[in-house]
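Right, one structure below, let's go through it.
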Amino acid sequence: MTQINNITPGKSNIQRRIAYVLAMSFGLIAVVCQATPALQESQNMTSTSIASELLSVRQQAILPIAAFAAVGDLPRLNTALNQGLDTGLSVSDAREVLVQLYAYAGFPRSLNALGELMKVLDARKQRGIQDIQGQAPSHSIPTGEALLIAGTANQTKLVGSPVKGPVFYFAPAIDEYLKTHLFGDIFERDNLDWQSRELATMGMLASLQGVEPQLQAHMRISLNVGITAKQLRQAVQVLEDRVDADTAMRARNALEHLLAAMPGH
Numbered sequence: 001m002t003q004i005n006n007i008t009p010g011k012s013n014i015q016r017r018i019a020y021v022l023a024m025s026f027g028l029i030a031v032v033c034q035a036t037p038a039l040q041e042s043q044n045m046t047s048t049s050i051a052s053e054l055l056s057v058r059q060q061a062i063l064p065i066a067a068f069a070a071v072g073d074l075p076r077l078n079t080a081l082n083q084g085l086d087t088g089l090s091v092s093d094a095r096e097v098l099v100q101l102y103a104y105a106g107f108p109r110s111l112n113a114l115g116e117l118m119k120v121l122d123a124r125k126q127r128g129i130q131d132i133q134g135q136a137p138s139h140s141i142p143t144g145e146a147l148l149i150a151g152t153a154n155q156t157k158l159v160g161s162p163v164k165g166p167v168f169y170f171a172p173a174i175d176e177y178l179k180t181h182l183f184g185d186i187f188e189r190d191n192l193d194w195q196s197r198e199l200a201t202m203g204m205l206a207s208l209q210g211v212e213p214q215l216q217a218h219m220r221i222s223l224n225v226g227i228t229a230k231q232l233r234q235a236v237q238v239l240e241d242r243v244d245a246d247t248a249m250r251a252r253n254a255l256e257h258l259l260a261a262m263p264g265h
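Take a look at the structure:
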């Protein structure tokens, strides 16, 4: 108290000002420290949002693999498989894509592509590369009537409604094969997610001539399974950059035709 009383009025005013400035400074520091986590969280959310609007490098790698396999271009398939495995595609991922190929390009192309994958894996092993093996399906695949039921349910969920049409009444066998073999045997194998399977289908169909209706249908299914229109446009660009202009053109035309009929896209 004695010291305070001995302070001259001029010094007292100066010290008050200094104390005020210091208090304000500490207050601002406290506000900044409290705001920083919120700012960081906002930045993280923005980064996550941006990332979610893009295809992953793994998803992008599936497109050229599927396209080259469908047309039987084994040298370029070899390169695409190596690039995909280098970016984190598992052996199981690649194998599932090439097994699925039989439903869209036939058994010969599927068998040849699987043989090429085996060559790639053997060569990489000799170079000392340990590739990620991936997973097996989490459950056994149904058979008989249960497979038809499961396939029908998968098809309905993917398309968004039960699939009917004159061709299926005219040829009931093709309807059963679609439900049991494609949407049953293949889409029941959950070690490759449905988004990846649809990207693979897109790559396969875009590389083939004369299947534009099916390509457009699978563009719509891609939207149904959560792939965005922006991601589909990115997929078209991947086909342009890594496959060829004709493949990209077919994919782009199918996508734009679909989106033109869908308000908001």
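Numbering (full-length UniProt numbering), first residue to last: 1 to 265. All residues carry an ideal CB built from backbone N, CA and C; glycine is no exception.
Am I right that N82 and E116 are in contact with their C-beta atoms under 8 Å? What's the rounded C-beta distance? So it is not a contact: roughly 11 Å between Cβ atoms.
Give the straight-line distance between the Cα atoms of R197 and Q231, rounded to the nearest whole angstrom. 15 Å
Could you check where the alpha helix (DSSP H) with V167 kicks off and where it finishes? 166 to 170
Using CA coordinates, which residue listed in P166, R250, D190, A173 is at the minimum distance from D93? D190
Going by the beta-carbon positions, is the gap between G203 and P108 smaller than 9 Å? No, the Cβ-Cβ distance between G203 and P108 is not below 9 Å.
Output yes or no for whether 9 Å exceeds the beta carbon distance between T152 and F187. no
For A261, the three-state DSSP class (helix, strand or coil): coil
Assumed close pair A103, H181 - CB separation to whole angstroms, cut-off 8 Å: 7 Å
Determine, using beta carbons only, whether T247 comes closer than 9 Å to chain C. No chain C is present in this structure, which holds just one protein chain.
Let me know the secondary structure DSSP gives V238 once reduced to three states. helix
N191: first and last residue of the uninterrupted alpha helix (DSSP H) it sits in: Premise fails: N191 is in no alpha helix (DSSP H) and is neither H nor E.
Can you give the Cα-Cα distance for Q100 and R76, rounded to whole angstroms? 19 Å
Proximity to S110 [Cα-Cα], best of G84, I141, V91, G72: G72
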